[in-house]
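Reviewing the structure listed below.
In UniProt numbering, the protein residues as written are 1 to 1077.
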């Protein structure tokens, strides 16, 4: 509420704050009477007024003041609606008007010099008067007890004695400091009133009081003082000298006392109990007149005069009424026990229980104790219940943990402490929440019941504050893993010669258990298998973990999706690993016979070299021959995957001689090879096995007029090409063969191609694949060769892809790689030059960077931009757009060689790569060396040929169109031409050209095996000189990127065939992006 009583304002401070000029103009306004309204608002320490400005405008002005409890107020901030807005002349005008003087500073009484800053700061630490000082007019609180309550008002000494309220009110306390009242009195009274207002009921406005009654509230009801802060405030009032006086006689009210309310329980002669309230003030019985606050934190008594007392604990409203009404409760003797057990625990929480005649003895309350009840049921189920148990006298009470409400006997703090302090893994069994609170009920089944019984029960049994109650009939849970025995057996399958049923049994404590339950536990990552009688065992036992993997492998690699797992004769290694886990209970006779040969491959006995072989076999070649002979003896096929140049052909010829020597009149061997190698096979046979009769077929049977039956009679070897084999397959399939040998077997790596289908369908007792590169792009290529040579090892391509190929290609899983190597090891023979041909001369490889001439560079970059834009938009559907993508990549590779290969308009442009090549070849020829030059593109090879002719350098030339291929090869081998130009497709394999010791690769290919095959035409057995390999690479072109991709793919064999741990897949969308960016 605003007031016309103004505070004392320090005008000198205001003039300093506003500035002399602003203050002077405000002084003029005050003298002219332009302040039309001015009022003081003690609620927020602000002076508010209206000042008339020029041209009849009136501005609303506010001055915010502050004080440090001294006698004067200082300006903090002035606000105005005039254009200046802050600290203007209108602010000065209302300050001067409120102070009641229009004198200038010089006219006002001189101000004593301000004390030094340090003195002022230190003086402020000391009180201006003692706490009980009566300097100034003292104040007091007058208490008036009436039927309506206990009223309190602020009073001061009257002129004729006694105490009067006059114009004092609770709301005007802040203004009293200007009228000579002690500051300490005012301060504590303000705190007292503020505490009252904070909880006063049925009021409106800020802090629970009305603005309208702010300055007029003369009395307050002390009985409605809700805050227990009343008592320290009364003590503080008495300390600073504010007296509490009685309205009737103005005597001081006695100091506050301590009160205690109890319920007194007594008994009469009949045993009936009576319960009555008993109030004690300072230890003496007293009569309550009223309680203070709805919570009853204090009481008013009149025994010996008006007196206020603080209760030792709050008193409920019902108990207040009972006390004020002097109510007495009677409890019949027959219900005394119920009162003692059920009501006493609750009553003791609201008041002390006494017995003045000592007839009532309160019962002893003990607890809590945690009770865990375990109710066992059928099927390994148990229901768990947690309760708190208490004893009240001779009676026991239980309440579920977490239940709300308090029957009086519960000790919640102790319950919470026990819940958190139980040193047992209750959380694992759903009995304790993450926040530490217990859970009243849960149900366990299966393994969890077993774990509860064997793990948690023993822990809880030893705890003093926990009682375990078990009902039902729990089974005898016991660990039986030591008695576990795995049995393995094979059974013949009617009508199947290569396949056998695989029978796995598991017994525990002598009883056979269903394997499906163990397998389900393994597959679902369960920790144990629990049997009906309580026996259990861990499934993480090493033998069971391995058993699961082996069974999964057996199922994954068979064609059958249902029924018992099966195993083929080619999977003896898998059976042996199974057998190592337990006891072999039965083996079919046919199984024993068939796998005997496969096991023999794990330790091949040397086989004498046949007398018909005219060659001194190196030790590793003799070992390879013995391996092939053992395969043939047991009707098994395999892959001879020796490095290129290690003599795979001579090992194969040794096998054919061996078979011929054992049976002089066997059926012939069929050898299928690339067309470029057919003649070489005949030549190698004539050289190393002259006693063998060889028939080389170079055309279709019909065009050549050949009768295959007649040709095969008396012939030891029939050699044909893959193309002719496919075209005349029916004739070859109708013939009887001693075996099928697939040379350069990567030709049948595509399982979708017809040539592959022919090789797989051809009837032959033994099929051997010969290749230095059984894989070029992915693991499925290896599967293709194995499905021909060992068809029962991995019968299903889809399952092989899911189980082996995809995981290996995606993650390079080392364990899966090791497993695959173990499975194929008996049927794949692989030796590298580094391992077995240490005497082979060194091979040195070098990159020759070629800088494109400016015109060539400009044409290449322009074409690169064009093809890149096209290809990058096609990569989302690689399969559909593969032809277009590869065509664009081929164009860029040709552009890197010579723009004339793409656009004839640039035929005359010079070629930097050919210039460098010719310079290198001159040095080769001058040094008496000979070189092989390879290129993917025959048109580019033709440009090299034309340039060599122009330079006078002699050469031989071979590509796919060369008719008399053997003659050209022989011409180079026996002639003196220093250079042999060869297209990579036509001469990249099947040739033995150790006469050359230099090799030039004019354009890189992203399949490293293709390049390696080309290089190995010269770096092979028989080479006596170091071999120099040069790759000519056009810098900053697609060739750079192809070299990088080639390096990644060069690790292909290291993952599956060799012992590395990396793997490369076929050309992917990411590979192509890398080539173009």
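Ideal placement from N, C-alpha and C gives every residue a C-beta, glycine not left out.
query, result
"For residue 718 and residue 923, what's the separation of their Cα atoms in angstroms?", "44 Å"
"Let me know if residue 855 comes out buried or exposed under the rule of 16 or more other beta-carbons within 10 Å of its beta-carbon.", "exposed"
"Using a Cβ-Cβ cutoff of less than 7 Å, which residues in the same chain neighbour residue 474 once the five nearest sequence positions on both sides are dropped?", "376, 453"
"For a quick check, are the C-beta atoms of residue 613 and residue 667 less than 8 Å apart?", "no"
"When we look at the beta-carbon of residue 5 and count the other beta-carbons within 10 Å, is it buried (16 or more) or exposed?", "exposed"
"How long is the line joining the alpha carbons of residue 273 and residue 234, rounded to whole angstroms?", "40 Å"
"Going by the DSSP bridge assignment, what does residue 512 pair with across the sheet?", "507"
"Excluding the five sequence neighbours on either side, which residues of its own chain have a C-beta within less than 7 Å of the C-beta of residue 651, listed in chain order?", "621, 624, 625, 628, 640"
"Would you report the Cα separation of residue 789 and residue 877, rounded to the nearest angstrom?", "35 Å"
"Taking 8 Å as the cut-off, decide whether the C-beta atoms of residue 772 and residue 895 are in contact.", "no"
"Helix, strand or coil, according to DSSP, for residue 1028 in the structure here?", "strand"
"Quick one: grab the DSSP three-state call for residue 324.", "helix"
"Considering only residues of the same chain and omitting the five flanking positions on each side of residue 188, which have a CB-CB separation below 6 Å?", "236, 237, 240"
"Tell me whether residue 33 is buried or exposed, calling it buried when 16 or more other Cβ atoms sit within 10 Å of its Cβ.", "exposed"
"May I ask you to report which of helix, strand or coil DSSP gives residue 590?", "The predicted model places residue 590 with a pLDDT of 42, which falls under 50 and marks its position as unreliable, so this point remains unresolved."
"Since residue 635 and residue 766 are thought to touch, with beta carbons under 8 Å apart, how far apart are those beta carbons, to the nearest angstrom?", "6 Å"
"Comparing alpha-carbon positions, which option in 178, 172, 169, 291 lies nearest residue 225?", "291"
"Leaving aside the five residues before and after residue 476 along the sequence, list all residues of the same chain whose C-beta is less than 7 Å from its C-beta, in chain order.", "534"
"Give the DSSP bridge partners of residue 445, in chain order.", "381"
"Which first and last residues belong to the alpha helix (DSSP H) in which residue 780 is found?", "779-789"
"For the segment 704-711 against the segment 669-683, do three or more pairs of beta-carbon atoms, one drawn from each stretch, fall closer than 8 Å, so that the two count as touching?", "no"
"By the three-class DSSP mapping on this structure, what secondary structure does residue 807 have?", "helix"
"At the level of alpha carbons, what is the spacing between residue 199 and residue 230?", "11 Å"
"Should residue 142 go down as buried or exposed, given a rule of 16 or more other Cβ atoms within 10 Å for buried?", "buried"
"Exposed or buried, which one is residue 1003 when buried takes at least 16 other CB atoms within 10 Å?", "buried"
"Out of 349, 959, 195, 819, which has the shortest C-alpha to C-alpha gap to residue 315?", "349"
"Sort 49, 611, 1032, 43 by Cα distance to residue 30 and report the nearest one.", "49"
"Inspect the beta-carbon positions of residue 370 and residue 265 and report whether they are closer than 8 Å.", "no"
"Classify residue 313 as helix, strand or coil using the three-state DSSP reduction.", "coil"
"Could you name each continuous alpha helix (DSSP H) segment of 4 residues or more that falls completely within the UniProt domain \"SWIM-type\" (59-99), going from the start of the chain to the end?", "89-99"
"Using the three-state DSSP reduction, which class does residue 722 fall into: helix, strand or coil?", "helix"
"So, does the segment 137-152 touch the segment 241-255, judging by three or more C-beta pairs under 8 Å?", "yes"
"Taking the C-alpha atoms as reference points, what is the distance between residue 317 and residue 251?", "31 Å"
"Classify residue 298 as buried or exposed, calling it buried when 16 or more other Cβ atoms lie within 10 Å of its own Cβ.", "buried"
"What is the rounded straight-line gap between the Cα of residue 415 and the Cα of residue 372?", "14 Å"
"Straight-line CA distance for residue 88 to residue 184?", "36 Å"
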